[in-house]
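Some notes on the structure that comes next.
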Amino acid sequence: MARTVFLLCLALWHFACATEAFAAKQPRPGPSGTYVERFLVKKALGNLNPAADRYGEVEGDPPAIPLYAGDDLIGYAFDTFDTTKAVGYSRKPFHVLAAFDLEGRLTGTHLAWHVEPITLLGRDDDDFIEYLAQFVGHDVRGGLRVLFDGSVREGTRSTAETEIDGISRITTSSMLFADSIIRGARMVAAARGIELSATGVSRRLEMEQFEEQSWPSMVADGSLETLRISQADIAELYAGEPDRAPPPTVNSSDAEAPFLEIWTALINPSGIGINLLGRRGYRRFAVGRSLADSTIFVATRGAYPVLPMPDAEQPSLPAMQIVQGERTYRLTLDRYEPIQYFDIADLPDGVTQGMFHFSSSEGLDPTLPWRLELAISGESETDLGPVVSVPYALPGWYVIGDPPPVGADPPPPIAFATLTEEAEETANVATEGAETSAVPAGPDWRAQWREQERSLILLGASLAALLLILSLQEAIVRRPRLHVALRVGFLAWTLVWIGWVASAQLSVIHVLNWVQSLGAGVDWAFFLMEPLIFLLTAFVAVSVILWGRAAFCGWLCPFGAFQELLNRLAVFLRVPQYEIPPAIAERLKAVKYLIFIALVGLTFYAVDLAYAASGVEPFKAAITFRFDAPWPAVLYAVVLLAIGLTVERFYCRFICPLGAGLAILGRFRMFDWLKRRAECGNPCSRCESACPVRAIQPDGRIDMNECFYCLDCQVVYYDAHQCPPLIKRRKRLEAAAPDLVHVIEPAAAPDR
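The opening position of the sequence shown corresponds to residue -14 in the numbering used here, with each subsequent residue numbered one higher.
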């Protein structure tokens, strides 16, 4: 009894410590209402700018603190939440102090406060500090590319020359920290008159003014220019040109139907870009590009196709160009980047959208008016017909400084004309290699699925193999050696490949994310960004109806597999096994449900506290980070595994909140696949003693809330040398016909 209480207290110690350690209230701002004033102390000053010997008072909007060397101003320091209202993967604010000099170069960073769950469970602040140190020396005028394992894993196509290494397996938090530092520095510098724009001091873009808008409101205020051409418009135009053949998509019978609708905008200002790309998409766009670069948004729909679909195998574009003054910029696939998703309100149905990028060296001035021209092909793709013209000028509130010069009147929106010779010659041509250069700007879940195609195939094959095992369980358990080989082999595959290689360990954090989404709306792109986890979650959602928690907990959980394999090794080495008294075990089973309920409740009260408390799971330390984690987390995982050497699946049975959640859902399972006989429990208890986790009740019933579907009881059920009812039957057959016993399969008695 005392030993059991000690073991449980030791296992719950980590839960209590994690909750207490990270349950501190969010930091409060200083007297001025800013966080930079609260966090900027002498120790932080040395990290921000080694040349600074003092700092002044907080000032300006956005707020920042000037840094001095003697009496000379040498730069500014700011807090990321003061400037960009930055929130992390936990959806809670994080606070990073950063500083830059008067030339716009970052001089230092200081991690002040955060509650990112992935770091609480498997990394420590030293990983973030090492990551943030790479920002020193970066010119905030230019873009920044964050690499993961040597390659870009997330984000839009970047023009950045500076590359830094993200934190391994912490992709989202790394990108969010990068965005808040770069964009915050740009905001503070622009407000202090530190010139960051290539367009000149007299006129530049207002980058940070933002107001949430719907698609129609952006059209109404000129942020998004549009042109609609009906079937009647295009038919009438071609009617006056009898020598020209109209496009095959012209339908004169439906005159009011759209032949082509086109929208365009400059996406650089956050007031336009955030509304079109969403906050997360715009962050990745902004951090990866120079302030001097320009990006033009184009969206189309209608009978006439313009932009290629994101998954097109051989994408192509019609003849299009941007005209600004005497300059012409051809729109080709090497500039093009499709946008798969955004959530702007009142988005028209059936819209295809993308971006065209321009480097600063090309001379396109985003503060000046320009127009988009598109040549419509006739019956033949090389027969250029009328030219669609959509003029665009930024609304005045997005331009700071001298007003732009007044230019000539734009051409009519649609007329027969001729584009440049280059445009005619390259109509409908696809740029070689363009398919691989196009990277979606929104949550690019499709790219993640393509990147992990082989892993998805392996995981799919693993799930299919498990379905086959569970479907053929009767044939398998009749062959005990085959059963043991399949059981041990599959658990080893689950631990090594699913767990350590693919990192597809489901966690209660995934459940908490789903719970949060119920109130905020399900963001499918967010969940689809982890293909293996999504596929595994979908399988578990179905299997819980068929087998309860057993299919996942018993076969697909890497940490559960780890415990069972170690326990099998311990039994082989004759390590004494400890059996918790049934009365105590029955009460300990409730602990995991209490933890699960507490975590769900904390999610609605303080999600950062819920994430911290989810440290009761040892999955991150033992599986995701393969014991490369802070020593308390590693020690906790090792202690649980050590307990499991003598008490099989101790963690799964008494502590695991994920197992508790699945057990609750498993109450709705539709089938009972495990066979029982009338004699089970009374008088026979052979299966009860054979169950390694004591999931069989004294009356012979199987508690599916506690069953891990190891099938050991079914091996006994069909074994005429272990199951007492079958032993009696076998002996009767031996007495009646001893020569026939070896060919007679004992018939199963009627099921309960």
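All residues carry an ideal CB built from backbone N, CA and C; glycine is no exception.
8 Å Cβ shell around residue i - same chain, five flanking residues per side excluded
i      : result
ARG90  : GLY122, HIS123, ASP124 and VAL125
ALA415 : Any reading at ALA415 needs caution, since the residue's pLDDT is 34, under 50, leaving its predicted position unreliable; the model's value is listed next. Contacts found: GLN299, PRO300, SER301, LEU302 and LEU318.
ALA487 : SER440, LEU443, LEU444 and LEU517
ALA240 : SER215, GLN216, ALA217 and ALA220
GLU633 : GLN548, GLU549, ASN552, GLN562, PRO677 and VAL678
Same chain, Cβ closer than 6 Å to residue i, five either side skipped, listed in chain order
i      : result
PHE635 : ILE628 and GLY629
CYS669 : PRO709
ALA536 : SER528
MET752 : Nothing about residue 752 can be read from this structure; the chain reaches only from -14 to 737.
PHE612 : VAL619
SER17  : VAL43
Beta-carbon gap between residue i and residue j smaller than 7 Å
i      : j      : result
ALA49  : PHE66  : no
LEU33  : GLY128 : no
ALA587 : ALA575 : In the sequence as presented, Ala is not what sits at residue 587; that position holds Leu. It is not a contact, given that the beta carbons lie outside the stated cut-off.
ALA54  : ALA29  : no
ARG534 : LEU647 : yes
THR337 : THR285 : yes
ARG747 : GLY31  : Residue 747 falls outside the range modelled here, since the chain spans only -14 to 737, and no answer is possible.
VAL700 : VAL462 : yes
ALA622 : PRO603 : yes
ALA489 : ILE483 : yes
ALA645 : TYR578 : yes
ILE385 : ARG168 : no
TYR61  : VAL131 : no
ALA83  : ILE166 : yes
GLN198 : ILE149 : no
TYR314 : ILE324 : no
ILE454 : ARG654 : no
PHE85  : ALA170 : yes
ILE608 : PHE544 : yes
ARG320 : HIS342 : yes
ASP164 : VAL272 : yes
GLY339 : LEU276 : no
TYR267 : GLY256 : no
GLY287 : LEU353 : no
PHE693 : GLY539 : yes
Residue environment, residue i, which counts as buried when at least 16 other CB atoms sit within 10 Å
i      : result
HIS95  : buried
PHE656 : exposed
HIS80  : buried
HIS468 : buried
ALA330 : exposed
TYR590 : exposed
ASN667 : exposed
LEU379 : buried
MET294 : exposed
SER447 : buried
PHE557 : exposed
LEU738 : Only positions -14 to 737 of the chain appear in the structure, and residue 738 is not among them; the question remains open.
ASP46  : exposed
ALA470 : exposed
GLY427 : With a pLDDT of only 36 at GLY427, under 50, the local geometry of the prediction cannot be trusted, and no value is derived from it.
ALA720 : exposed
SER674 : exposed
PRO254 : buried
LEU584 : buried
Sequence-distant residues of the same chain with beta carbon closer than 7 Å to residue i, five excluded per side
i      : result
GLY73  : PHE79, HIS99, GLU101, SER158 and LEU161
ASP688 : ALA680 and GLN682
THR249 : GLU210, ILE281, PHE282, VAL283, LEU357, VAL375 and TYR377
VAL496 : LEU643 and GLY646
LEU25  : TYR40, ILE50, ALA62 and LEU82
LEU696 : GLN458, VAL462 and HIS468
Residue i CB to nearest heavy atom of the ligand FAD below 6 Å
i      : result
ALA118 : The ligand FAD is not among the ligands present in this structure, which contains no ligands whatsoever.
Contact with chain D by residue i, beta-carbon distance below 7 Å
i      : result
THR211 : Going by chain labels, chain D is absent from the structure shown, which holds only one protein chain.
- Query: If you scan the segment 476 to 559 from start to end, which runs of the alpha helix (DSSP H) of 4 or more residues do you find wholly inside it?
  - Reply: 493 to 505, 509 to 513, 516 to 532 and 543 to 557
- Runs of alpha helix (DSSP H) wholly within the segment 12 to 47 (minimum 4 residues, chain order): 20 to 24 and 27 to 33
- Task: Within the segment 246 to 323, note down every full alpha helix (DSSP H) run reaching 4 residues or more, in order along the chain.
- Result: Runs of the alpha helix (DSSP H) spanning 4 or more residues and lying entirely within the segment 246 to 323 occur at 255 to 272, in chain order.
- Message: Ignoring anything shorter than 4 residues, give me the alpha helix (DSSP H) runs that lie fully in the segment 630 to 714, in order along the chain.
- Response: 635 to 639, 642 to 650, 671 to 675 and 697 to 702
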